[in-house]
Amino acid sequence: MCLCLLKGDEFVKLKKCLVMIGLLALTVFIFAGCGENVVAEVNGEKITMKELTMQVNELKEMYEKQGMDFSGDNGADLLDSLQKDVLAGMIEKKIMLQEAKNRITPEDVEEKIRLLKEQFPSEDDYKNFLTQVKMDEKEVAHILFLQDEVTKDVAPAAEDEIRKYYDDNPNQFSQPEQLEVRHILFFVDNGTTELPTKHTDAEARQMAEDVIAQLNQGRDFAELAREKSEDTGTKEDGGLYTATKSSTVTEFYTAASALAVGEYTAEPVKTDYGYHIIKLEKVIPAQQQPFEEVKEALAAQLTDMAKQKKFNDFMQEAKDKAAIVNKLDEKQGNQEQ
């Protein structure tokens, strides 16, 4: 389960963590006749079928928009798996809140809420965040307090630990070859992607060929990019773009890497986006990031990993000690006998 360790202004980590907790608490299977039937108990606190099902339609619709198919036998199996995972997440959330309540004071809650609100530019943004994670502000405050309390004694990563991780994981700190290019793009309407402009294949290719003709007559590439390119993300910079093999479509990177510095493509290059004219400005060779350059970020990463482990260990111990009744597991066990 995602349990990011949060402090200061680490808003992105905070949001990601709590979205995951909220989603786990909501991803459920639709039962007929939900009512107030109890599906689980955690140290005497009940989780009802109504709690499981009250927001399922919203979440199911979200998954379906992402392409998930709940029809047929496979869909039933998928829903069954989701149901089990979600109930496990709800149980874990219940344990977290119980553990926090044993430690937190009303003053702590108010202080955490105050600090939480400071991470947002407006009250509306704050309310939207709470809606997104499907928790009220006191629940969020309890979980953040528990994380801080459990991990407060974790020491920052030591220099030798940071260096060892760096030496043992060279691939994590290598920068691939980068090609600094300029390009001019004319979109082709493929019928599926929303585009700012729409051309047929023939129209877009002809427009690209016309630009190449102007380049052959001595026109400046950057000037033409600002004037002609339909790529709004790069045109203001004269089409400037840094390409890597892993982050750039194959046809584009292959064409760019075949050029000598200062050359541009003699023919338009076709990709899924449309037709490009590409000019190679600079080749930045693959290199290892220096230790001193990554040391600070790596120290924070290793410290967070240590906190994550301590919190996970704490939660495992809390689950082992908790009196948990999971009636869905019991039901499955009875069916298998």
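Numbering (the numbering used here), first residue to last: -17 to 319.
Where a beta carbon is used, it is the ideal one built from N, C-alpha and C, also for glycine.
This one's a predicted model, so the numbers in the text were calculated from it and none came from an experiment.
Quiz item: Taking Gln154 as the reference, which of Glu23, Phe296 and Gln283 has the closest Cα?
Solution: Gln283
Self-check item: Alpha carbon of Lys134 to alpha carbon of Leu112, nearest angstrom
Solution: 25 Å
Self-check item: Delimiting residues of the beta strand (DSSP E) encompassing Lys28
Solution: Glu27 to Thr30
Practice problem: Note down the Cα distance separating Asn56 from Lys42, rounded to an integer number of angstroms. | Solution: 15 Å
Quiz item: Between Ile53 and Glu275, what straight-line distance do the alpha-carbon atoms span, to the nearest angstrom?
Solution: Residue 53 is actually Ser in this sequence, not Ile. Answer to the nearest angstrom: the Cα atoms are 51 Å apart.
Quiz item: Do you know offhand how far Phe127's Cα is from Lys116's?
Solution: 18 Å
Exercise. Could you pull the start and end residues of the beta strand (DSSP E) that Gly256 belongs to?
Key: Gly256 to Ile266
Quiz item: Does DSSP classify Val10 as helix, strand or coil?
Solution: Low confidence applies here, because Val10 scores a pLDDT of 39, under 50, leaving its location unreliable and the question unanswered by this model.
Quiz prompt | Spatial neighbours of Asp118 in its chain, beta-carbon cut-off 8 Å, leaving aside the 5 residues before and after | solution = Leu112
Self-check item: Reduced DSSP category for Gly17 - H, G, I as helix; E, B as strand; rest coil
Solution: Its pLDDT being 49, under 50, Gly17 is placed unreliably in this model, and the value from its coordinates should be taken loosely. Coil, per DSSP.
Practice problem: Report yes if the C-beta distance between Glu218 and Gly244 is below 9 Å; otherwise report no. | Solution: no
Quiz item: So, is Ala238 buried or exposed, given that buried needs 16 or more other C-beta atoms within 10 angstroms?
Solution: buried
Quiz item: On the three-pair Cβ rule with 8 Å, is the region 186 to 193 touching the region 224 to 243?
Solution: no
Quiz item: Pro323 to Gln270, Cα distance in whole Å?
Solution: Nothing can be reported for residue 323, as the shown portion of the chain is limited to -17 through 319.
Quiz item: By how many angstroms is the C-alpha of Ile77 removed from the C-alpha of Lys83?
Solution: 10 Å
Practice problem: Specify the secondary structure class of Ala22 as computed by DSSP and reduced to three states. | Solution: strand
Quiz item: Which value, in whole angstroms, describes the spacing of the CA atoms of Glu250 and Lys94?
Solution: Here residue 250 is Pro; the residue named in the question, Glu, does not match the sequence. So the two alpha carbons sit approximately 57 Å from each other.
Quiz item: Residues in its own chain within less than 6 Å of Phe203 by CB, not counting five upstream and five downstream?
Solution: Arg164 and Lys261
Quiz item: Exposed or buried, Lys289, counting other C-beta atoms within 10 Å across all chains shown (16 or more means buried)?
Solution: buried
Self-check item: Where Ala58 falls, given that 16 or more other Cβ within 10 Å makes a residue buried
Solution: exposed
Quiz item: What residue range is occupied by the uninterrupted alpha helix (DSSP H) comprising Phe293?
Solution: Phe273 to Lys303
Self-check item: Extent of the continuous beta strand (DSSP E) to which Thr224 belongs
Solution: Leu222 to Ala225
Quiz item: By how many angstroms is the C-alpha of Ile194 removed from the C-alpha of Ala242?
Solution: 17 Å
Exercise. State yes or no: is the C-beta of Leu197 within less than 9 Å of the C-beta of His258?
Key: no
Self-check item: Straight-line Cα distance separating Ala248 from Glu162
Solution: 18 Å
Quiz prompt | Backbone secondary structure at Leu69 - three-state DSSP | solution = helix
Exercise. Could you name each continuous beta strand (DSSP E) segment of 3 residues or more that falls completely within the region 156 to 201, going from the start of the chain to the end?
Key: 160 to 169
Exercise. Have a look at the DSSP bridge pairing and note the partners of Val307.
Key: Glu23
Self-check item: Val251 - DSSP class collapsed to helix/strand/coil
Solution: strand
Self-check item: Integer-rounded CB distance, given that Phe234 should sit under 8 Å from Ala225
Solution: 7 Å
Quiz item: Any idea if Asp62 is buried or exposed, counting beta-carbon neighbours within 10 angstroms, 16 or more meaning buried?
Solution: exposed
Quiz item: In whole angstroms, what is the alpha-carbon distance linking Glu105 and Met72?
Solution: 28 Å
Quiz item: Does the beta-carbon of Glu92 have 16 or more other beta-carbons within 10 angstroms, so that it is buried, or is it exposed?
Solution: exposed
Quiz item: Since Leu69 and Leu310 are thought to touch, with beta carbons under 8 Å apart, how far apart are those beta carbons, to the nearest angstrom?
Solution: 6 Å
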